[in-house]
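Residue numbers (UniProt numbering): 1 to 869.
A short write-up of the structure that comes next.
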């Protein structure tokens, strides 16, 4: 037996030797992830290389390196993974560096590329205005300095592990991560709850009255609706278990390692979540919704860090064979989007079961996850939130079922879009329902593609109690005088507001939930990290729409990286501007970005050099995909775009024609402020400009001051002492709300190249959305003196816009986006220009009595048109 073991050990030793030799024969594949400091051995090797050949030689080696670095040990790649990764356009370190470090583990000899000097910003801290107590909870200066981690690189890949452990590294890692949390089944408590029993009786009574059934049949109707309640609950509920989670965790590892180059998470955010999970309060994870993969990612990350997996609210469209069972095992419970009974009336039984299931799950110690936007974003921007399940959580807290809850906004950003079917939907085509065959087709499509990196950001958890008290203290959504805002006796379990399937029982509570939902969405949006594809698309569409040389774009990218960094945002990559551009091109490909090589007329050193020109594809539907990537960056420049568009609305002259002229265009600060505020009102269904605890007027004033400091605007009255001038402007901003007249505080527009270039760039940021609203307004005349089905009206509007695009009368083809047109329709309904009614379950739209006149419609069009580029 001893001889047998010795023989086996010798075999393993030979395998170890062959593995090391094979690694020396090939360059290591690109490591995907986010940088931390290199290991000491790697530092020695790098320093020797620099001393020997100089820093320029190292830059040359890494000039085409991956926009990534090595935070953790890398696994030994198999042959299929090597072939796939070698196809990536990012080449790695030169053979000289590889040979110099061949004796080291692969993760020790790979270069660390930084986007810039200095530490990365820690994003996602609680709002200091309304969540000051939560801001000081779970976080300290140490966790803010933690680096980023690629979850696909697991400790079991380390070279110091045995061969078997390294060979089955994911399986070994899943075994080490096993936790045996309790996931109690609350089904019996749900069916026996007073809320559900009352709903069953109400449904039986309503059917008795509607069908005029004899009272003797009432007991049979009770049994019928009770049986239906059991079916609803069985179809809805989750079946999560620790063993099933471990198995699915291993499957997800295998799937994601083929699909993605990295899944990046900030280690400090994970540490904060671990601390918060020990607080004996339910964690409510609220991600922004970008892809079907969102359902998996949050649970995958939490389980990998031994945090209890949440129950995840999923649409019943995903309750399909195989996939539905896997999602249910991950914690998904399935809910309908429209909560109406088969007869078309409000389904009281379904609502009661959903409310009670969520309430009892929180009381039983489950964590919860739901998407506050409802569906996936089709535009790349955050959608206006739905109150839905958040109102259930608020009601659960108010009636004393839970002492408090910790809310965790989550932002997920993908370097490449995974759900490609939204392009068709944005062109007005109906949504295709998910099916098993469509899932397999999508799986085959994505498994052979390179989707780059994914970054997941967890904002700092905050107390539900503190946020509600902050809203109450500001006189917003006040629904009571007690610490809980509503006593348990005052809570009524009725939810029949049309705007939400789980809306509140009073108007005050509706406002309370609305303010909370907007704050959560705002926080998640502003902690989202920005990817390479977002940055390049943003530049191409807003600065180089007609194309630009690669060097020009790299130069602009350098400015953009620094500007976003100054605004406190983080990136989902490491690398300089050149690497960002090249990596993004490789991800998006020629379908979205045209690349041309133009020979130079004058040879350089007797060699005919070529200039690389990049141009975005601005034809439909590809420009909609580019706009999707670009819109992620909008939140960082939103107020800049608003103020620039307001300047454009006040100036009649073409600013570019006045470049470097001596004449000074004077604009009133008061009028500029009013125009900016009007544009914010126009775009209220596209953006959340400020949460409830902030003041939009003050934000506009702050941005005007920023334009002055950037020398885009300048005060008319020049002060000899610049410090006094700054102080005067600051004081004036403080007493704005006291009714102070600012007629004497005009500004003039600087006509220098730099100022006009910035102003033009900022003006273009919101131009496609403004053009969508203008095009919609131009088509409202279709409703003059007539009623029309909303679907038919939108169809005719899209046809009209398509014809204008074909004729070259529209600047931005992405203005055809279905979401932008639907938001425009909401705006004009809010302005009482359009009214609607429902007849036979069909929504009809028509003009209000006042605006059913062509001249008054022209006034509406002109309001939008003055902001149009």
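Backbone N, C-alpha and C define an ideal beta-carbon position, used for all residues, glycine too.
Being a predicted model, the structure only gives us computed values, none of them experimental.
- DSSP places residue 800 in the helix class (H, G or I) of the three-state scheme.
- Shown here, residue 392 sits in a helix according to DSSP, grouped into three states.
- With respect to residue 396, residue 195 sits apart: the two C-beta atoms are not nearer than 9 Å.
- A straight line joining the alpha-carbon of residue 346 with that of residue 339 spans about 7 Å.
- Per DSSP, the beta bridge partners of residue 788 are 845.
- Put simply, of 432, 467 and 177 the residue whose alpha carbon is nearest the alpha carbon of residue 303 is 177.
- Counting the other Cβ atoms within 10 Å of the Cβ of residue 269 gives 16 or more, which makes it buried.
- The beta-carbon separation of residue 708 and residue 676, rounded to 14 Å, does not stay under the 8 Å limit for a contact.
- Taking 9 Å as the cut-off, the Cβ atoms of residue 288 and residue 524 count as close.
- Short of 8 Å from the beta carbon of residue 170, and not among the five residues preceding or following it, lie these beta carbons of its own chain, in chain order: 154, 156, 250, 253, 254 and 257.
- Using a Cβ distance threshold of 9 Å, residue 131 and residue 458 do not count as a contacting pair.
- Contact annotation: residue 778 and residue 519 have beta-carbon atoms that are not nearer than 9 Å.
- Note that the segment 587-598 does not touch the segment 781-791; fewer than 3 beta-carbon pairs, one per stretch, sit closer than 8 Å.
- Under DSSP, residue 549 takes part in a beta bridge, and its partners are 613.
- Excluding five sequence positions before and after residue 541, the CB atoms of its chain that fall closer than 7 Å to its own CB belong to 616, 626, 627 and 630, given in chain order.
- Excluding sequence positions up to five before and after residue 836, its CB lies within less than 8 Å of the CB of 790, 829, 843, 844, 845 and 846, all in the same chain and listed in chain order.
- For residue 680, the enclosing alpha helix (DSSP H) starts and ends at 669-682.
- For residue 412, the closest alpha carbon among the candidates 454, 403, 445 and 438 is that of 454.
- For residue 359, the three-state secondary structure derived from DSSP is helix.
- Taking C-beta atoms as the reference points, residue 352 and residue 193 count as a pair closer than 9 Å.
- The segment 569-584 makes contact with the segment 527-540: 3 or more CB pairs, one atom from each, lie closer than 8 Å.
- In summary, residue 570 is buried, with 16 or more beta-carbon neighbours lying within 10 Å of its beta-carbon over all protein chains present.
- Secondary structure of residue 224 (DSSP, three-state): helix.
- The residue among 373, 749 and 551 with its C-alpha nearest the C-alpha of residue 654 is 749.
- Selection 590, 622 and 623 evaluated against residue 613 yields 590 as nearest (Cα-Cα).
- Going by beta carbons, residue 513 and residue 410 fall outside the 9 Å limit.
- The beta carbon of residue 129 is closer than 6 Å to those of 693 in its chain, skipping five residues each way along the sequence.
- Using a 10 angstroms sphere on the CB of residue 141, the tally of other CB atoms stays under 16, which defines it as exposed.
- Here residue 673 is buried: its Cβ has 16 or more other Cβ atoms, across all protein chains shown, within 10 Å.
- Excluding the 5 residues flanking it on each side, residue 271 has same chain C-beta neighbours closer than 6 Å at 143, in chain order.
- Scanning its chain for C-beta atoms nearer than 8 Å, with the 5 sequence neighbours on each side dropped, one finds around residue 622 the residues 591 and 592, in chain order.
- Taking C-beta atoms as the reference points, residue 334 and residue 316 count as a pair closer than 9 Å.
- Collapsing the DSSP output to three states places residue 134 in a helix.
- Annotation: the continuous alpha helix (DSSP H) that includes residue 778 extends over 767-778.
- In the pairwise beta carbon analysis, the segment 369-384 is classified as not touching the segment 220-229: fewer than three pairs are separated by under 8 Å.
- Between residue 362 and residue 276, the CB-CB gap reaches or exceeds 9 Å.
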